[in-house]
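Report on one structure; see the data block that follows.
Protein chains: 4
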Amino acid sequence: MENHNHQELIQKLLNCVAACENCALACLHERDIQMMAQCISLDRDCADICAQAARLLQRDSVIAHQYLLLCEEICRLCADECSKHDQDHCQQCAEACRICADACHEHHEPITQR
Amino acid sequence: MENHNHQELIQKLLNCVAACENCALACLHERDIQMMAQCISLDRDCADICAQAARLLQRDSVIAHQYLLLCEEICRLCADECSKHDQDHCQQCAEACRICADACHEHHEPITQR
Amino acid sequence: MENHNHQELIQKLLNCVAACENCALACLHERDIQMMAQCISLDRDCADICAQAARLLQRDSVIAHQYLLLCEEICRLCADECSKHDQDHCQQCAEACRICADACHEHHEPITQR
Amino acid sequence: MENHNHQELIQKLLNCVAACENCALACLHERDIQMMAQCISLDRDCADICAQAARLLQRDSVIAHQYLLLCEEICRLCADECSKHDQDHCQQCAEACRICADACHEHHEPITQR
C-alpha cells in the first residue's frame, strides 16, 4: 500500500504537530504573550494542517500530494515566525517545521488549476 | 474582522461538509457499495478539507486563501465522481461540491512556491 | 435518516464553533492577552470538540450521543471562563456555549463504562 | 510539562489512528465491502476521536482526561467489530484498538455530570 512508502514523511508531519502544540502551549504561558500572538496563531494552523496531511497520506488520498504543497507553505511560515524567538520551544518548533517543510517539498505535486 | 466578509463562503463550505457526510453515509448503505468506494473516499476527503477551510476562514488565518485553492480541487474531484451516480444523495452532493468549488475559486490565492 | 432530526442541534454546535474561533482570534488581539490565556485555550478545545460532534451527528455515528456528554462539559467550561470577561466577543461566546451545552444536554447518552 | 508524561499514551493513540485508516482503506478494496460497512464507519470515528485525543493531551487540555473515557469506548467498539473479520488489516486494527483502549482506561477521568 502507498502509505507504507510514506512512513518517514508521516513521522515528520506528526513530529511537527507535536512541536507546534508544545510551542503554542508554552507561548500561552510566556510573560510577554503579546509578542507571541502571531506564533500562537501559526502554530495552530500548522498543527491542524500537518495533522490533516498525515491522515490523507495514511488513507492514500488522491489529494494527498497536492495537499503537501500547502503543508510546506504553512510549515515555512511557522518556521520563519518561530525562528525570531529565542525560547527553546520556538527554536525546537522552527526546526521541526523546517524538517517537515523539506519533506513535504520532496513529495508534493502541483495543484491542478482549472 | 475579515471573517465577517466570508459568511457566505463559510456557509457553502459547511453545506458541502454536510452533503459529503450524508452521501458517504448513504453510500455505505447502498446495495452495491463496491461501485461507491471511490465516492466514499472522496466524500470523506472533501468533508475534512472543507471543514478545515471553514475553520481557517473563521480564525482569519494567513493561509486561508491559499487553502481554498486546494479546497476547490477536492470539491471538483468529488463533484465529478458523485455526478456519475444517479442516487439523490450523490446528485445533491455533486451540486453542493460544485457550488462550494465556485465559491472557493472566487476567493482563493495562488500558493507561494519557494 | 437520523441526522435529519438533528439539524437544530448541529446548527447550535456550528454556531458555537464560530463563536469560539471568533473569541480566540479577538483574544489574541487584546492588549492584555495574559488575562485571556485560559480563554484562548478553552475556545480552541471547545471549537475542536463541537466541530467533531457536528460531524459525528451528520454521519449518524454510534458514538455521537455519548460524545455530546463530553461536548456539554467543554461548552460549560468555556462558557464559565468567557463569562468572566466583559468583552463582547467573550460575552457572545459564553452565550453560544451555554445554548450549545443545553442542546447537548437534551440529546446526550451516558458513556458506557466497562 | 504534563504532555511529556504522556508520550506512551500519545503513541498508542497515533498507532490506533494509523491502524484505523489502514483498515478503512483496505475495507474499501475488499470484494465484499457490504460486510465491511460497519467496520469502515467505526474505523473512521475511531481514527477521528483518537487523533483529537492525542492533540488534547499534547496541548495539556483541561478536558483531555475526560476525553479519554470516550476514546476508550470508541476503541472498544471498533475492536469488537474488527475482531469479527479474518483479514489481517482488521485483526491488526482490533489489536491496536485494544491496546489503545487499555491505555485510555488507565488515564481517563470521569466526566463531570451537571
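Residue numbers (full-length UniProt numbering), protein chains in the order written: chain G, 1 to 114; chain F, 1 to 114; chain B, 1 to 114; chain L, 1 to 114. Note that the Cβ used here is the ideal one computed from N, Cα and C, for glycine as well.
9 angstroms Cβ cutoff, residue i in contact with chain F
i        : result
Leu14/B  : yes
Ile49/B  : no
Met1/B   : Summary for Met1/B: the model assigns pLDDT 39, below 50, so the residue's position carries little reliability; its value from the coordinates is reported in the next sentence. Met1/B counts as touching chain F.
Leu25/B  : yes
Glu73/G  : yes
Ala103/B : no
Ala18/B  : yes
is_contact[residue i, chain L] using C-beta, thresh 9 angstroms
i       : result
Leu28/B : no
Ile99/G : no
Ala96/G : no
Whole-angstrom distance between residue j and residue i, CA atom to CA atom
i             : j        : result
Thr112/L      : Ala103/G : 43 angstroms
Arg31/G       : Met35/B  : 11 angstroms
Glu106/L      : Pro110/G : 45 angstroms
Leu9/B        : Leu56/F  : 23 angstroms
Arg76/L       : His29/B  : 43 angstroms
Asp60/L       : Leu42/B  : 11 angstroms
Asp86/F       : Ala19/F  : 15 angstroms
Ile26/B       : Asp88/B  : Note on residue identity: the sequence assigns Ala, not Ile, to residue 26/B. Rounded to the nearest angstrom, the two C-alpha atoms are 10 angstroms apart.
Leu13/L       : Glu95/B  : 33 angstroms
Cys97/L       : Ala53/L  : 14 angstroms
Lys84/F       : Ile49/B  : 34 angstroms
Gln7/L        : Asp80/F  : 42 angstroms
Arg44/L       : Cys82/B  : 33 angstroms
Val17/F       : Leu68/L  : 26 angstroms
His108/B      : Gln66/B  : 6 angstroms
residue 136/L : Val62/G  : No answer is possible for residue 136/L: it lies beyond the span of chain L, which begins at 1 and ends at 114.
Residue i vs residue j beta-carbon contact at 9 angstroms
i        : j       : result
Cys100/F : Cys71/F : yes
Ile33/L  : Ala37/F : yes
Cys46/B  : Cys90/B : no
Ile40/G  : Ile40/B : yes
Asn22/B  : Gln58/F : yes
Ala51/L  : Ala51/G : yes
Closer than 9 angstroms to chain G by CB, residue i
i       : result
Glu21/L : yes
Ile10/L : yes
Ile33/F : no
What residues in the segment 38-71 of chain F have a beta carbon less than 8 angstroms from any beta carbon of chain G? Ser41, Leu42, Arg44, Asp45, Asp48, Ile49, Gln52, Arg55, Leu56, Arg59, Ser61, Val62, Ile63, Gln66, Tyr67, Leu69, Leu70
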